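Note that our numbering has the sequence shown beginning at 10, numbered continuously upward.
Beta carbons are placed, not taken as given, at the ideal position from N, Cα and C, and that holds for glycine.
These numbers were taken from a predicted model, which means no experiment stands behind them.
Just below is one structure, and these are the notes that go with it.
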Amino acid sequence: MRGGFTVNPLPNSPFGGLLRLEGVSGPGYTQALIEAAEAEPAAIPDALAEHEGLLLLPGMNAIAQAPELLVRLSRLFGSEVENYHETLTEPTKVHETVPEILVVSNMPPASKPPPPLPDPPRTADGGLPMQYPHRRGWHTDQSYRRPPPDISLFFAAIAVPKGQGQTLFANCAGAYAALPAATKARIATLEGLHVMPGSNRSPEAIRAGKPPKPLKPHEQPQRQPLVRIHPVTGKPSLYLCESGQMDWINGPIVGLEPGPDGEGGRLIHELMHHLTQPQFTYAQDWDDGDMIIWDNRCLVHAATWFDAEKHRRLMWRTTVRGNPGREYDGEARSWIPQREAEPA
Ligand SMILES: [Fe+2]
């Protein structure tokens, strides 16, 4: 393909691509790949769309010493790479010198604890379960914001051993296409109600009797279409999360019976269970230097457990926005306090 890149089907996955720059190896590989990408700026974004929103770029190790390279690559995917200092992100989770990088780590200063789960039950062959509800935590990044972001780039500076600390992906466009016609008709105009995790609006929090946290105007739950039309590919795609990234007090589906046992909740369970079947899912076992680029408009993802007592993990993420689709045209940003959201 253009720019000297090759893209092959992602191994062990029903979707996605494995992208490499041909003819270069060794310490200069990362820099050479980014320069090739900048010289042919549509090449990798086009490959992302052609491979259903998921690309693995192995061997990008030099980013660990030159984090600004991650931002340069990110700029190819949209008009704005989020500056986490401007978006109410905890300062300890923002990279020291590059504010466009969110640090996901169990090491200080970020020290984000691993998912609050015990080592989950294993499948018969010793693997980790993939399918909801055995595997929980499926979400699309920042769906509690309108307009939501487009693309995330996730880089493994220090990975944990394989079989732990995986990132799971599910193909929401493929899963939508496979739905029965009656389900497509039923969900066509529905909206989900998304909320910031930690707001005590999850089924678990409601069942435990935890009082919902008061939310400021810019933290209010946001409606999102349950079926989004991808602005680049034109394909319809399921757009939903589960558990704590949806509001199960007034939702999770606008206009349907609310609550963990309501009709809206049953629909989320049904769609999530369908979406996370093996024919739509991929598990990324990370090596140091791996980069995954994914499209939040047509994929959901989930983290798996890792033994944070034994292993150090350091991952960097950027988020790119700018093309959410026509339905968000002209909208102010829901997550910025009103005074600042107004144009200067
Ligand atoms: Fe995420």
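Its chain contains no residue whose beta carbon lies nearer than 6 Å to that of Gln229 once the 5 sequence neighbours on both sides are disregarded. As the crow flies, the alpha-carbon of Met139 is around 7 Å from that of Thr285. Distance from the CA of Thr39 to the CA of Arg322, rounded to the nearest whole angstrom, comes to 21 Å.
Annotation for Met281: the continuous alpha helix (DSSP H) segment containing it runs Glu272 to Leu284.
A straight-line Cα-Cα distance of about 8 Å links Ile277 and Leu249. Rounded to whole angstroms, the Cβ separation of Pro157 and Glu91 is 12 Å, and the two are not in contact under 8 Å. Contact annotation: the region 61-78 does not touch the region 311-320, with fewer than three C-beta pairs closer than 8 Å. Taking a C-beta distance under 7 Å as the contact criterion, Leu224 and Val263 do not qualify as a contact pair.
Judged by their CB atoms, Trp257 and Pro269 are nearer to each other than the 7 Å cut-off.
Non-local beta-carbon contacts of Gln288 in its own chain, meaning distances under 7 Å to residues more than five positions away in sequence, involve Pro23 in chain order. In the DSSP assignment, Val103 forms a beta bridge with Leu111. Glu77: not part of any beta strand (DSSP E); member of the alpha helix (DSSP H) spanning Glu77 to Ser83, first to last residue. Here Val241 has Ala58 as same chain residues with Cβ atoms under 6 Å from its own Cβ, once five neighbours each way along the sequence are excluded. The C-alpha of Ala187 lies about 32 Å from the C-alpha of Ile215. Three or more beta-carbon pairs drawn from the region 62-69 and the region 15-33 are found closer than 8 Å, and the two stretches are therefore classed as touching. Listed in chain order, the non-local C-beta contacts of Pro261 below 7 Å within the same chain comprise Gly201, Leu202, Met255, Gly273, Gly274 and Ile277, local neighbours out to five positions each way being set aside. Between Val204 and Tyr141, the C-beta spacing is not below 7 Å. Where Asp256 is concerned, there is no enclosing beta strand (DSSP E), because DSSP gives it neither an H nor an E. The C-alpha of Val80 lies about 15 Å from the C-alpha of Ala41.
Asp304 has its CB no nearer than 6 Å to any heavy atom of ligand 1. Comparing alpha-carbon positions, the option among Asn17, Arg84 and Arg326 lying closest to His104 turns out to be Arg326. Between Arg11 and Ala52 the beta-carbon gap is near 5 Å, inside 8 Å, which marks them as a contact.
Per DSSP, reduced to three states, the secondary structure at Tyr291 is strand.
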